[in-house]
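Residue numbers (our numbering): 19 to 190. Virtual Cβ for every residue (Gly too), placed ideally from N, Cα, C. Keep in mind it's a predicted model, so treat the numbers as computed, not measured. Reading through the structure tokens given below for one structure.
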Amino acid sequence: MSGLQGNKELTISTADASWISLEEFIKLSALPEDKVRSLIESGTIMSKKEGENIFIDASSGTSALVKRVEYTLIGSDTSGQTLDPVFVEKTISTILSLHDKVIASKDETISAFKNENSFLKEALMSMQEVYDDDKKTMEVLRDELANAREEVEFIKKKYRLMWGRVSNMSGK
């Protein structure tokens, strides 16, 4: 029967795994055979042996390849030369610093807009209060004007009656 190697948890079912031969995996991954064998021994890649043939689980092999590509991308620039890890770290640090500054600037802008909106809201409420006070004052003045008109009419009637009596008395 076949024996499972690698991936220290041997509880994984072999029915769920997709197996490819070691030679095919080496062709697909472009990794040297000794590197693949060291990945198998370290448990990074799950494998099984049937007779003289070694088979590799495709999903665990893919995970190992993805990690290899990530490290390759981090370790090389577009010209193919390897980058100094300190340079990469400083670049990432600079990007994070710029990102923090953008976030801080955004927060300051939002705060300024909130303060301006608060000021405008207070000014609008103050204007509304002044408008309401003016409206009440105008209503009071209208009432006083109506009362003054009634009083003027009353005085006119009173004088007419008075002058009418005077003219009636003088005519007798």
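{"Query": "Outcome for M180 when other beta-carbon atoms lying within 10 angstroms are tallied against a minimum of 16", "Result": "exposed"}
{"Query": "Distance between beta carbons of M64 and S47, contact taken as under 8 Å", "Result": "Rounded, the Cβ-Cβ distance is 15 Å, inconsistent with contact."}
{"Query": "Neighbour-count burial assignment, F43, 16 or more Cβ in a 10 Å radius", "Result": "buried"}
{"Query": "Rounded separation between D151 and S144 - CA only", "Result": "11 Å"}
{"Query": "Contact belief for K66 with W37 at Cβ below 8 Å, rounded distance in angstroms", "Result": "7 Å"}
{"Query": "Proximity of S115 and F73 at Cβ, strictly below 9 Å", "Result": "no"}
{"Query": "I72 - DSSP class collapsed to helix/strand/coil", "Result": "strand"}
{"Query": "Alpha carbon of N128 to alpha carbon of E134, nearest angstrom", "Result": "Inspection of the sequence shows that residue 128 is occupied by Ile rather than by Asn. I128 and E134: Cα-Cα distance of roughly 10 Å."}
{"Query": "Start-to-end residues for the alpha helix (DSSP H) that takes in I1", "Result": "Nothing can be reported for residue 1: it is not among the residues displayed for the chain, which extend from 19 to 190."}
{"Query": "Pairwise C-alpha distance: A141 and T109", "Result": "48 Å"}
{"Query": "V54 classed as buried or exposed, judged by whether at least 16 other C-beta atoms fall within 10 angstroms", "Result": "buried"}
{"Query": "6 Å Cβ shell around A76 - same chain, five flanking residues per side excluded", "Result": "S36 and I38"}
{"Query": "C-beta neighbour in chain B for L163, strict 9 Å", "Result": "The chain inventory of the structure shown lacks chain B, comprising one protein chain alone."}
{"Query": "Extent of the continuous alpha helix (DSSP H) run through D52", "Result": "E51 to S60"}
{"Query": "DSSP-derived helix/strand/coil call for S115", "Result": "helix"}
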